[in-house]
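Below: the structure, in C-alpha cells.
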Amino acid sequence: MKKGINKNTNAFREVPYMGVIWVVAEAMKRGFYNGNPEWSNLGQGQPEIGEMEGAPKRITSFSIEPGDQAYGPLSGSQGLREMIADHYNRLYRKKNKSKYTADNVSVCMGGRLALTRIFAALGKVKLGYKNPEYTAYQDTMAYHQSKITCVEIPVTEKNGFNIPANKLSSVITKNKLGALLISNPCNPTGYVIQGKELATWVKTARQKNCALILDEFYSHFIYEGKNAAKAGISGAEFIDDVDKDPVLLIDGLTKSFRYPGWRVGWIVGPKNIIENINRAASAVDGGPSQPMTRATMKVLEKNYADQETKAVRNMFSRKKNFMVESLTKAGINILPSNGTFYLWGDISKLPTPINKAERFFFEALNHKVMTVPGYFFDVQPKPVKKQNFQQWIRFSFGPDEKNMKAGLTRLNEMIDSFRKKSKKK
C-alpha cells in the first residue's frame, strides 16, 4: 500500500503546491517573508495594496452591525448584489434594454470559490480550455473529473496562445463542448479578448448554446500599447439578453480594486443559472461574510470605483512599460500584452543554463528575486510526465514601483553575469 503523508495513516494524499505557493515556499527557505524589503516578488499574484498615485484613500476600517453576527444570504446581501448589477449596467450595458438585477449575481469569498461553486453546479459536460492558463483551474478540474470531461484546445504563440474568434464555432462543434472556461485578460500571458473579437465569442456561445465562463478578474488592467486604456473590458458589453445568453462572468475585489485580503468575489449570469449555483453554495461554502460584503458596497460606489480603476490603469501601464523595456534589453522575448499585471517571457535566448525555467527561477532566488516558471501554467487535470512551457517565465509588475525596479536591476545583473561566463568559455 502506498504510504500517506502521515506516518500514522494512509488516509490522506499528498497535495502538491500550486505555482505561486511553491514559489513562496522555496523563497522562504532562503529567508523571504512578506514585507521583507530585501526581496522583490516578481512572481506575486496580487497588485500593490497601499496608497497609490491617483487612487482614492485605502479603506482601513469598517463597522460590524448586530445583524452581522448571524448567517447571511447564500448569494450575498440584496444591497450588494444590486450594486454589482448596477456596476455592470453602468459600465457596459447603457445602451441595452436587458439589464442585470440582484438576481443575476452570486457573491462569494473570492475567485477560487466562485469557480468551485460553478463547477459544483455543472452537470456531465465536456469543458473546453486552453493553455497556458491560470494554475488554480487544474485542481478545480481534477476534483470534478467524475462528471466533467476536460478538453484542451491547442493554441499557438502566433495567436497569442488564444483561440481565434473565427475558429471558435468549429472548435465547439468538433469537440462537442457544452462549456468553455477562459481567463480574460489571460493569466499568465496578458492577452486580452476585446472589441469585435469578444463580441464574436459571446455571439458564438449564444448560437452554440455553449456555457462561456469568463474569468474577468483583471478586467480593469487594460492597456493600449504603451498607454493606459480609457476603460475596462467585460463580456457583459456584448450579451443580448442577460437571462438567456449562457455567459457567466467572474470578478471581485482582489485585483482591480486591490483588496485581495477581503476575499470578496462574485459571479454574474442568467437568473436560473445563478439560482442553481446558489443551491450548490449551500453545501460548498454556506455564503459570504456579512461584514465584508457590507464593506464592499463602499468600494463599488461610482466615484470610488471609477477613481480606483482609472488609477490602476495609469500606474500599472507605467510599470508595465518599464518592465517590458528592462526584460527586453536583458534578452528576454516578451509576448505582446494588453492586460493583467504579468508579462509572459521566453527565456530560450538567454545563456545556458538560465535559458530553462527552473534553473532561471532558482538563480533568481539567489538574487532575492521571485518569478514563476512557465510550466506551472500548463493546466493538466490528469498528471503528465512532462509539462510544457519550460522556456517561459511569468513576471509580475504587481509590486510597488520601487520594489519592482530593484528586482529588475538584480535580474539584469544575474543575466549579465551568466553572459560573461558564457563568453569566457
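Residue numbers (the working numbering): 18 to 442. Positions of the beta carbon are idealized from the N, C-alpha and C atoms, including for glycine. Note that this is a predicted model, so its numbers are computed, not measured.
Is the Cβ-Cβ distance between residue i and residue j less than 9 Å?
{"i": "Gly286", "j": "Leu270", "result": "no"}
{"i": "Asp120", "j": "Glu292", "result": "yes"}
{"i": "Gln408", "j": "Gly71", "result": "no"}
{"i": "Pro462", "j": "Cys125", "result": "Since the first and last residues shown for the chain are 18 and 442, residue 462 lies out of range."}
{"i": "Phe238", "j": "Gly60", "result": "no"}
{"i": "Phe358", "j": "Lys337", "result": "yes"}
{"i": "Lys184", "j": "Glu169", "result": "no"}
{"i": "Ser334", "j": "Lys243", "result": "yes"}
{"i": "Ala347", "j": "Asn420", "result": "no"}
{"i": "Tyr117", "j": "Ala102", "result": "yes"}
{"i": "Val396", "j": "Tyr154", "result": "yes"}
{"i": "Val40", "j": "Thr388", "result": "yes"}
{"i": "Ser434", "j": "Ala298", "result": "no"}
{"i": "Thr157", "j": "Leu197", "result": "no"}
Could you tell me the distance, in whole angstroms, from the CA atom of residue i to the CA atom of residue j?
{"i": "Leu360", "j": "Val341", "result": "8 Å"}
{"i": "Met309", "j": "Pro181", "result": "39 Å"}
{"i": "Arg427", "j": "Glu174", "result": "28 Å"}
{"i": "Glu43", "j": "Asn405", "result": "21 Å"}
{"i": "Gly362", "j": "Phe412", "result": "7 Å"}
{"i": "Met100", "j": "Met332", "result": "26 Å"}
{"i": "Met18", "j": "His161", "result": "Residue confidence for Met18 is low, a pLDDT of 37 falling below 50, so the modelled location carries little weight and cannot support an answer."}
{"i": "Trp437", "j": "Asn176", "result": "Checking the sequence, you will find Lys at residue 437 rather than Trp. If you take the alpha carbons of Lys437 and Asn176, they lie about 35 Å apart."}
{"i": "Pro353", "j": "Asn179", "result": "12 Å"}
{"i": "Ser92", "j": "Arg223", "result": "25 Å"}
{"i": "His104", "j": "Phe394", "result": "31 Å"}
{"i": "Val219", "j": "Leu229", "result": "8 Å"}
{"i": "Leu367", "j": "Leu130", "result": "39 Å"}
{"i": "Tyr276", "j": "Ala245", "result": "21 Å"}
{"i": "Met45", "j": "Glu380", "result": "15 Å"}
Residue range of the beta strand (DSSP E) that residue i falls in?
{"i": "Trp409", "result": "Trp409 to Ser413"}
{"i": "Trp283", "result": "Gly282 to Val285"}
{"i": "Ser200", "result": "Ala196 to Ser200"}
{"i": "Tyr146", "result": "Val142 to Lys147"}
{"i": "Ile267", "result": "Val264 to Gly269"}
{"i": "Val168", "result": "Ile165 to Ile170"}
{"i": "Asp258", "result": "Taken as a continuous stretch (DSSP letters only), Asp258 belongs to no beta strand (DSSP E), as it is neither H nor E."}
{"i": "Leu232", "result": "In the sequence as displayed, the identity of residue 232 is Asp instead of Leu. That run of the beta strand (DSSP E) goes Ala228 to Asp232."}
{"i": "Ser123", "result": "Val122 to Cys125"}
If you drop the 5 nearest sequence neighbours on each side, which residues of the same chain put their C-beta closer than 7 Å to that of residue i?
{"i": "Lys20", "result": "Caution is warranted here: a pLDDT of 48 is assigned to Lys20, below 50, making its placement in the model unreliable, and no coordinate value can be reported."}
{"i": "Ser200", "result": "Glu150, Tyr151 and Asp232"}
{"i": "Thr345", "result": "Ile351"}
{"i": "Phe274", "result": "Val316 and Glu325"}
{"i": "Tyr321", "result": "Pro73 and Lys315"}
{"i": "Lys143", "result": "Thr166, Val168, Asn192, Lys193, Leu194 and Gly195"}
{"i": "Ser365", "result": "Asn372 and Gln408"}
{"i": "Ser163", "result": "none"}
Who are the Cβ neighbours of residue i in its own chain at under 8 Å, not counting the five residues just before and after it?
{"i": "Lys319", "result": "Arg107"}
{"i": "Gly127", "result": "Gly269, Thr271, Arg280, Val281 and Gly282"}
{"i": "Gln95", "result": "Ala119"}
{"i": "Arg376", "result": "Pro370"}
Provide the residue span of the alpha helix (DSSP H) that contains residue i, from first to last.
{"i": "Trp361", "result": "Counting along the chain, Trp361 falls outside any alpha helix (DSSP H), though it belongs to the beta strand (DSSP E) covering Tyr359 to Asp363."}
{"i": "Glu214", "result": "Gly212 to Lys225"}
{"i": "Thr326", "result": "Lys319 to Lys346"}
{"i": "Glu82", "result": "It is not in any alpha helix (DSSP H) - Glu82 carries neither H nor E in the DSSP assignment."}
{"i": "Pro308", "result": "Gln307 to Val316"}
{"i": "Lys175", "result": "First-last for Lys175: undefined, no H or E at that position."}
{"i": "Val32", "result": "Taken as a continuous stretch (DSSP letters only), Val32 belongs to no alpha helix (DSSP H), as it is neither H nor E."}
{"i": "Thr206", "result": "Taken as a continuous stretch (DSSP letters only), Thr206 belongs to no alpha helix (DSSP H), as it is neither H nor E."}
{"i": "His104", "result": "Gln95 to Tyr109"}
{"i": "Gln61", "result": "Counting along the chain, Gln61 falls outside any alpha helix (DSSP H), and DSSP gives it neither H nor E."}
{"i": "Phe377", "result": "Ala374 to Asn383"}
{"i": "Phe136", "result": "Gly128 to Ala138"}
{"i": "Gly424", "result": "Glu418 to Lys441"}
Rank the options by C-alpha distance to the C-alpha of residue i and give the top, closest one.
{"i": "Tyr50", "options": "Lys191, Lys385 and Lys74", "result": "Lys385"}
{"i": "Asp260", "options": "Ser236, Lys288 and Lys213", "result": "Lys288"}
{"i": "Gly410", "options": "Lys191, Asn383, Pro370 and Ile351", "result": "Sequence inspection shows Ile at residue 410; the Gly mentioned does not correspond to that position. The candidate whose alpha carbon is nearest that of Ile410 is Ile351."}
{"i": "Tyr392", "options": "Leu97, Arg30 and Thr152", "result": "Thr152"}
{"i": "Pro64", "options": "Thr369, Ile81 and Tyr235", "result": "Tyr235"}
{"i": "Asn295", "options": "Asn25, Gly89 and Pro277", "result": "Gly89"}
{"i": "Leu382", "options": "Arg30, Lys402, Ser57 and Ala228", "result": "Ser57"}
{"i": "Pro171", "options": "Thr157, Ser186 and Gly145", "result": "Gly145"}
{"i": "Gly212", "options": "Thr206, Asn192, Ser186 and Ile250", "result": "Ile250"}
{"i": "Ala300", "options": "Ile38, Arg134 and Val41", "result": "Arg134"}
{"i": "Thr77", "options": "Pro83, Gln86 and Gly67", "result": "Gly67"}
Would residue i count as contacting chain C if we go by Cβ distances under 9 Å?
{"i": "Arg98", "result": "Among the protein chains of the structure shown there is no chain C, as only one such chain exists."}
Residues in its own chain within less than 6 Å of residue i by CB, not counting five upstream and five downstream?
{"i": "Glu254", "result": "Tyr109"}
{"i": "Lys225", "result": "Ile189"}
{"i": "Val209", "result": "Pro202, Asn355 and Gly356"}
{"i": "Ala312", "result": "Phe79"}
{"i": "Phe414", "result": "Lys336, Lys337, Met340, Phe358 and Met421"}
{"i": "Ser115", "result": "Asp258 and Val259"}
Do residue i and the ligand GDP come close, with the Cβ less than 8 Å from some heavy atom?
{"i": "Met35", "result": "Only the bare structure without any ligand can be found here, which leaves the ligand GDP out of the picture."}
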